[in-house]
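This note's numbering numbers the first residue of the sequence shown as -5 and each following residue consecutively. Okay, so here's the structure we're looking at.
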Amino acid sequence: GGEQQMLAIARILRTGVEMLLLDEPTEGLAPVIVQRIGELLATLKKRGMTILLVEQNFRFAARIADRFYLMDHGKVVDGFPVAALSAHSDRLREVLGV
């Protein structure tokens, strides 16, 4: 689970990539592991790495993201910068139920 996810990220980082693509990295993981992955991604972001994160756990993604895109049935239905998050709270509830 979480250990494998962390190891996979570490392996990729050793290649010197500048962009990290992650699809549901927290799915099915214990909260403590989710927190560790979040800390790692926040550190990578601070170091200038580009991260494209697909994540259903909105609260996890909200701590890392600069910009949000909402998808519904496989299509992007909205997008906005993190600074506009509170202005889009009704839309978030509508699409995500958060």
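Yeah, the Cβ is synthetic: ideal placement off N, Cα and C, and Gly gets one too.
Residue j and residue i - do their beta-carbons sit closer together than 8 Å?
i     : j   : result
R87   : G73 : no
V48   : E18 : yes
V28   : F52 : no
Q(-2) : I31 : no
With respect to the beta strand (DSSP E) encompassing residue i, which residues constitute its N-terminal and C-terminal limits?
i   : result
V70 : K69 to P75
V48 : T44 to V48
L14 : M13 to D17
R61 : R61 to D66
With respect to the alpha helix (DSSP H) encompassing residue i, which residues constitute its N-terminal and C-terminal limits?
i   : result
D84 : S83 to L90
T37 : P25 to K40
R53 : F52 to A56
L79 : Element bounds for L79: n/a, residue is neither H nor E.
Could you tell me the distance, in whole angstroms, from the CA atom of residue i to the CA atom of residue j?
i   : j   : result
A56 : A24 : 18 Å
P75 : G22 : 28 Å
H82 : T37 : 27 Å
A4  : L90 : 30 Å
Three or more C-beta pairs below 8 Å linking the region 31 to 45 and the region 64 to 80: Taking a cut-off of 8 Å on C-beta distances, the region 31 to 45 does not touch the region 64 to 80, as fewer than three cross pairs fall below it.
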